[in-house]
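Enquirer:
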Amino acid sequence: MAKDRAVKGTAQPAKPNVMVSECPLFQETAARYAKPGNNVLARYAEFIKTKLENPTAPFGASDKKNPDGTPMAQEVPGIRHAHLTHNISIFYTISGANPAILRVYAILTHDESGSGQPTNYKVQKSIGKRMANQKFPI
Amino acid sequence: MKSSEFTKRSGQRLFEALNKTNDTAVSTQNLVRIVEAHRDNVWSEPMNGDDYLKNLMEGKLQWQKTGQ
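The structure is reproduced here in structure tokens:
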């Protein structure tokens, strides 16, 4: 009886069953940014470890879901993004419970200038505001 | 607006819809690529997470071997 209690007391919660699936866009972008030995690859490995331990646990404070009702969330239900580094993010979804399927969509750099085509007006507006507030010595 | 109305968007209309609420720090053009990937619905065979991580660390995933 005492032995039974001891076993129950040390029982570990079952490890979640997580499967990982990649789309061609992920494979293309991961090959570009997650190079052998670089920080992006190391952070992606940490991201995977985090999701294997708890698929619904956020990967840092930046990990968030696109708000329901936004066009992105309606186009790709459940899409989330998290920073891997200060200027690289991963886009992914988690669905199901046993197994949970982790679908990785892309690893992308942050668009600093928004100057690509078509134009990212929001980023340009933000940068424009920052530049307007700068003070230059006369 | 129903979600089916959003999924019918493409090209400039899709871009403009995503751009209005893009707070992801990546370009809206890249969000369009994610939407297109979702619509294409082409996925690798799901791999056990532990095996995936092991292959990742050993550089054995397909995109690590071929550069894509």
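Chains A and B, in that order, are what the protein sequence lines are. Those letters in the first sequence? Residues 22 to 159, per this note's numbering, in order. Those letters in the second sequence? Residues 551 to 618, per this note's numbering, in order. By construction, the Cβ of each residue, glycine as well, lies at the ideal position given by its N, Cα and C atoms. Since the structure is predicted, the reported quantities are computational estimates derived from the model, not experimental observations.
#1: Sort A:Gly81, A:Arg124, A:Val97 and A:Lys56 by Cα distance to lysine 610 of chain B and report the nearest one.
#2: Any C-beta of chain B sitting closer than 8 Å to the C-beta of tyrosine 126 of chain A?
#3: When you compare the CB of glutamine 48 of chain A with every CB in chain B, is at least one pair closer than 8 Å?
#4: Is it the case that the Cβ atoms of threonine 571 of chain B and threonine 77 of chain A are separated by a distance below 8 Å?
#5: Using the Cα positions of phenylalanine 47 of chain A and phenylalanine 68 of chain A, report the straight-line distance between them to the nearest angstrom.
#6: Can you pull the chain B residues whose beta carbon is under 9 Å from the beta carbon of alanine 51 of chain A, in chain order?
#7: Give me the DSSP bridge partner(s) of methionine 40 of chain A.
#8: Beta strand (DSSP E) containing phenylalanine 112 of chain A: first to last residue?
#9: Thinking C-alpha only, which one of A:Ala94, A:Thr50 and A:Val125 is nearest threonine 616 of chain B?
#10: Less than 8 Å between the C-beta atoms of alanine 103 of chain A and aspartate 84 of chain A, yes or no?
#11: Output, in chain order, the set of chain A residues within a Cβ distance shorter than 7 Å of serine 594 of chain B.
#12: Would you give the residue range spanned by the alpha helix (DSSP H) that histidine 588 of chain B belongs to?
#13: Is glycine 99 of chain A near the ligand SAM, in the sense that its beta carbon is under 7 Å from a heavy atom of that ligand?
#14: Between A:Val97, A:Lys72 and A:Arg53, which lies nearest to valine 582 of chain B when the distance is taken from Cα to Cα?
#15: Between threonine 160 of chain A and chain B, is the shortest Cβ-Cβ distance under 8 Å, so that the two count as touching?
#16: Can you give me the Cβ contacts of leucine 564 of chain B inside the same chain, cut-off strictly under 8 Å, excluding the 5 residues immediately before and after it?
#17: How long is the line joining the alpha carbons of leucine 129 of chain A and glutamine 614 of chain B, rounded to whole angstroms?
#18: Buried or exposed: where does lysine 72 of chain A fall if 16 or more other Cβ atoms within 10 Å of its Cβ makes it buried?
#19: State the DSSP-derived secondary structure class of alanine 66 of chain A, mapped to helix, strand or coil.
#20: According to DSSP, is glycine 609 of chain B part of a helix, a strand, or is it coil?
#21: Please decide whether serine 560 of chain B counts as near chain A, where near means a Cβ-Cβ distance under 8 Å.
Expert: On the basis of the coordinates in this document:
#1: As a working note, residue 610 of chain B is residue 60 in the second sequence. For the residues A:Gly81, A:Arg124, A:Val97 and A:Lys56, the minimum Cα distance to lysine 610 of chain B belongs to A:Lys56.
#2: For this step, residue 126 of chain A is matched to residue 105 along the first sequence. Chain B contact via Cβ: present.
#3: On the first sequence, position 27 is the one that residue 48 of chain A refers to. Chain B, which has a Cβ nearer than 8 Å to the Cβ of glutamine 48 of chain A, makes this yes.
#4: In the second sequence, counting from the first residue as 1, residue 571 of chain B sits at position 21. In the first sequence, counting from the first residue as 1, residue 77 of chain A sits at position 56. No, they are not a contact pair.
#5: As a working note, residue 47 of chain A is residue 26 in the first sequence. As a working note, residue 68 of chain A is residue 47 in the first sequence. Those two C-alpha atoms are separated by around 15 Å.
#6: Reading the first sequence from its first residue, position 30 is the one you call residue 51 of chain A. Here the neighbours are Leu611, Trp613, Gln614 and Gln618.
#7: Here the question's residue 40 of chain A lines up with position 19 in the first sequence. Methionine 40 of chain A is bridged to A:Ile122 and B:Asn598.
#8: Numbered from 1 along the first sequence, position 91 holds the residue referred to as residue 112 of chain A. Bounds of the beta strand (DSSP E) holding phenylalanine 112 of chain A are 109-116.
#9: Along the second sequence, one-based indexing puts residue 616 of chain B at 66. For the residues A:Ala94, A:Thr50 and A:Val125, the minimum Cα distance to threonine 616 of chain B belongs to A:Thr50.
#10: Translated into positions along the first sequence, residue 103 of chain A becomes position 82. Translated into positions along the first sequence, residue 84 of chain A becomes position 63. A contact, by the Cβ cut-off of 8 Å.
#11: In the second sequence, counting from the first residue as 1, residue 594 of chain B sits at position 44. Neighbours of serine 594 of chain B on chain A, chain order: Ser42 and Glu43.
#12: Reading the second sequence from its first residue, position 38 is the one you call residue 588 of chain B. That run of the alpha helix (DSSP H) goes 578-590.
#13: Of ligands this structure carries none, so the ligand SAM is not represented either.
#14: Taking the first residue of the second sequence as position 1, residue 582 of chain B is located at position 32. Minimum Cα distance to valine 582 of chain B is reached at A:Val97.
#15: Missing from the structure shown is residue 160 of chain A; chain A here goes from 22 to 159 and no further.
#16: In the second sequence, the residue the question calls residue 564 of chain B occupies position 14. So the list reads Val582 and Val585, once near-sequence residues are dropped.
#17: Along the first sequence, read from residue 1 onward, the residue named residue 129 of chain A stands at position 108. Along the second sequence, read from residue 1 onward, the residue named residue 614 of chain B stands at position 64. Cα to Cα, leucine 129 of chain A sits roughly 17 Å from glutamine 614 of chain B.
#18: For the purposes of this step, residue 72 of chain A is taken as the residue at position 51 of the first sequence. Buried: at least 16 other Cβ atoms inside 10 Å.
#19: In the first sequence, the residue the question calls residue 66 of chain A occupies position 45. Three-state result, alanine 66 of chain A: helix.
#20: Translated into the one-based positions of the second sequence, residue 609 of chain B becomes position 59. Glycine 609 of chain B falls in the coil class under three-state DSSP.
#21: Residue mapping note: residue 560 of chain B aligns to position 10 of the second sequence, counting from 1. No, because no Cβ of chain A sits closer than 8 Å to the Cβ of serine 560 of chain B.
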